[in-house]
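Student:
Numbering (my numbering), first residue to last: 114 to 450.
1) To which residues of the same chain is residue 130 closer than 7 Å at the C-beta, ignoring the five residues directly before and after it?
2) Check each candidate in 430, 280, 233 and 209 and name the one with the smallest Cα separation from residue 196.
3) Since residue 337 contacts residue 292 with CB under 8 Å, what's their CB separation in whole angstroms?
4) Write down the C-beta distance between residue 271 and residue 257 rounded to the nearest angstrom, noting that I regard them as a contact closer than 8 Å.
5) Where residue 139 and residue 298 are concerned, what is the direct C-alpha to C-alpha distance, given to the nearest angstrom?
6) Measuring CB to CB, does residue 201 end up less than 8 Å from residue 339?
7) Have a look at residue 166 and residue 396 and give me their C-alpha separation to the nearest angstrom.
8) Suppose you measure from the CA of residue 170 to the CA of residue 296; what does that come to, to the nearest Å?
9) For residue 188, which of helix, strand or coil comes out of DSSP?
10) Let me make sure I understand the geometry here. Which of 382, 320, 122 and 439 has the alpha-carbon closest to that of residue 193?
11) How many whole angstroms separate the CB atoms of residue 360 and residue 394, which I take to be in contact at a CB cut-off of 8 Å?
12) Going along the chain, which residues of its own chain have a beta-carbon closer than 6 Å to the beta-carbon of residue 254, five neighbours each way excluded?
13) Ordered along the chain, which non-local residues of its own chain (more than five positions away) have a Cβ less than 7 Å from that of residue 348?
14) State the Cα-Cα distance for the pair residue 153 and residue 280, rounded to the nearest angstrom.
15) Taking only runs that begin and end inside the stretch 243-325, name each unbroken alpha helix (DSSP H) of 4 or more residues, in chain order.
16) In chain order, what residues of the same chain have a beta carbon less than 7 Å from the beta carbon of residue 147, not counting five sequence neighbours either side?
17) Go ahead and pull the three-state DSSP assignment for residue 360.
18) Taking buried to mean at least 16 other C-beta atoms within 10 Å of its own C-beta, is residue 283 buried or exposed?
19) Please identify the residue among 127, 172, 208 and 155 whose C-alpha is closest to the C-alpha of residue 189.
20) Are residue 429 and residue 249 touching if we call contact CB-CB under 8 Å?
21) In the structure shown, what three-state DSSP assignment does residue 387 receive?
22) First and last residue of the beta strand (DSSP E) that includes residue 220?
23) Can you tell me the Cα-Cα spacing of residue 390 and residue 289, whole angstroms?
24) Could you give the C-beta distance for residue 220 and residue 210, rounded to a whole number, given that I count them as a contact under 8 Å?
25) Could you tell me the boundaries of the beta strand (DSSP E) in which residue 226 lies?
26) Provide the residue span of the alpha helix (DSSP H) that contains residue 425, from first to last.
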């Protein structure tokens with residue numbers, strides 16, 4: 114398989130992990146075997162889905178040849194933060210890598226790695242849904258793929274929601290607003306109104322006090338994936354063709370972009386990272402989005418295909434991918450989900 118510099122590893126059970134003894138305060142620790150993925154990588158984003166009854170923390174260590182490296186904390190997640198605080202872990206810049214909130218960035222490409230899961234609350238068999246790791250080799254620049262024109266002219270109707278409706282979130286809530294719109298879509302598709310959540314509720318549910326803010330990629334997908342009937346993960350793609358495949362199958366996604374470049378600027382601006390929901394393509398192949406950063410009446414808007422391509426590349430083509438757990442995703446020929 115041609116992975117084009119990106120790959121995903123997923124687990125739907127922790128049965129292959131080794132349970133360590135000696136846990137305290139009701140915390141169970143499980144360690145994976147050494148994982149040998151199909152590509153070398155220098156960036157890793159972990160994401161997980163557990164029930165609202167559970168709390169989970171995930172660590173990663175890359176192997177340096179035959180020796181294990183240090184453990185890096187990828188965050189602690191829980192729905193009920195009074196019992197189990199939710200937070201990313203700052204200050205991890207020693208050794209061969211560094212954690213940038215939700216992303217492990219290595220100084221040099223590596224390959225093998227291990228995962229360590231701290232589990233509290235609920236049951237690690239009944240309440241675990243999924244653990245995923247998105248790997249990326251930033252030194253690979255794959256050629257552009259031919260577009261999937263089946264998606265051109267296809268438009269998914271999501272609820273329009275705006276962060277501008279909320280004074281406390283007008284400058285800060287693009288990510289939970291995008292996640293709220295995705296939940297609104299799946300609530301309608303699955304005929305389960307309880308899946309929906311308004312923007313302030315999502316903002317509270319994804320807030321990361323260490324960052325601080327609501328833009329932690331992993332926490333947004335953890336929140337969405339905790340909902341009954343849904344799965345969610347962070348993934349990195351390598352081409353618009355893959356995005357077109359998802360839209361063709363009525364799967365909207367949230368994309369992380371440079372807002373300045375999306376509007377046509379030649380370069381990103383400081384602090385202009387933004388989440389938008391990709392809902393379709395017009396007949397010419399330009400992007401149709403729900404943009405949470407404008408007034409509600411203007412949320413649905415088009416952007417030039419090339420502007421989107423360049424703006425999305427600033428996040429290494431990062432997506433929040435949400436789908437119904439009773440139906441498989443369309444086959445990705447490059448192993449990116």
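Even glycine gets a Cβ: it sits at the ideal position worked out from N, Cα and C.
Tutor: In terms of the structure at hand:
1) Mapped onto the chain shown, residue 130 falls at position 17. 143, 144, 145 and 230, listed in sequence order.
2) Working through the chain shown from its first residue, we reach residue 196 at position 83. It is 233 whose Cα lies nearest to the Cα of residue 196.
3) As a position in the chain shown, residue 337 is number 224, starting the count at 1. As a position in the chain shown, residue 292 is number 179, starting the count at 1. Indeed, because the Cβ distance is near 6 Å, the residues count as touching under 8 Å.
4) As a first step, residue 271 must be located in the chain shown, where it is residue number 158. As a first step, residue 257 must be located in the chain shown, where it is residue number 144. Contact between residue 271 and residue 257 does not hold, since the beta-carbon distance rounds to 28 Å and is not under 8 Å.
5) In the chain shown, residue 139 corresponds to position 26, counting from 1. In the chain shown, residue 298 corresponds to position 185, counting from 1. Rounded to whole angstroms, residue 139 to residue 298 spans 37 Å at the Cα level.
6) Translated into positions along the chain shown, residue 201 becomes position 88. Translated into positions along the chain shown, residue 339 becomes position 226. For residue 201 and residue 339, no; Cβs fall outside 8 Å.
7) Numbered from 1 along the chain shown, position 53 holds the residue referred to as residue 166. Numbered from 1 along the chain shown, position 283 holds the residue referred to as residue 396. Rounded to the nearest whole angstrom, the CA to CA distance from residue 166 to residue 396 is 45 Å.
8) Your numbering for residue 170 matches position 57 in the chain shown. Your numbering for residue 296 matches position 183 in the chain shown. If I take the Cα positions, the gap works out to 24 Å.
9) As a position in the chain shown, residue 188 is number 75, starting the count at 1. Reduced to three states, the DSSP call for residue 188 is strand.
10) Within the chain shown, the letter at position 80 stands for residue 193. With distances taken between Cα atoms, residue 193 lies closest to 320.
11) For the purposes of this step, residue 360 is identified with residue 247 of the chain shown, where counting begins at 1. For the purposes of this step, residue 394 is identified with residue 281 of the chain shown, where counting begins at 1. Confirmed, about 6 Å.
12) Here residue 254 is taken as the residue at index 141 of the chain shown, counted from 1. So no residue of the chain qualifies.
13) Mapped onto the chain shown, residue 348 falls at position 235. Around residue 348: 121, 247, 432, 434, 449 and 450.
14) Working through the chain shown from its first residue, we reach residue 153 at position 40. Working through the chain shown from its first residue, we reach residue 280 at position 167. Distance between residue 153 and residue 280, taken at the CA atoms: about 44 Å.
15) 287-302 and 312-319
16) Indexing the chain shown from 1 puts residue 147 at position 34. Within the same chain, residue 147 has close Cβ partners 176, 225 and 227.
17) Position 247 of the chain shown, counting from 1, holds the residue named residue 360. Helix, per DSSP.
18) Indexing the chain shown from 1 puts residue 283 at position 170. Flag for residue 283 reads exposed.
19) Working through the chain shown from its first residue, we reach residue 189 at position 76. Put simply, of 127, 172, 208 and 155 the residue whose alpha carbon is nearest the alpha carbon of residue 189 is 172.
20) Start at 1 with the first residue of the chain shown, and residue 429 comes out as number 316. Start at 1 with the first residue of the chain shown, and residue 249 comes out as number 136. Yes, Cβ-Cβ distance for residue 429 and residue 249 is below 8 Å.
21) What you label residue 387 is simply residue 274 of the chain shown in a count that begins at 1. Strand, per DSSP.
22) Sequence index remark: in the chain shown, residue 220 carries index 107 (1-based). Residues 216-223.
23) On the chain shown, residue 390 is found 277 positions in, with the first residue counted as 1. On the chain shown, residue 289 is found 176 positions in, with the first residue counted as 1. Roughly 11 Å separates the two Cα atoms.
24) Taking the first residue of the chain shown as position 1, residue 220 is located at position 107. Taking the first residue of the chain shown as position 1, residue 210 is located at position 97. About 7 Å; that satisfies the 8 Å criterion.
25) One-based indexing of the chain shown puts residue 226 at position 113. Per DSSP, residue 226 belongs to the beta strand (DSSP E) from 226-233.
26) Counting from 1 along the chain shown, the entry for residue 425 is found at position 312. 418-426 is the extent of the alpha helix (DSSP H) around residue 425.
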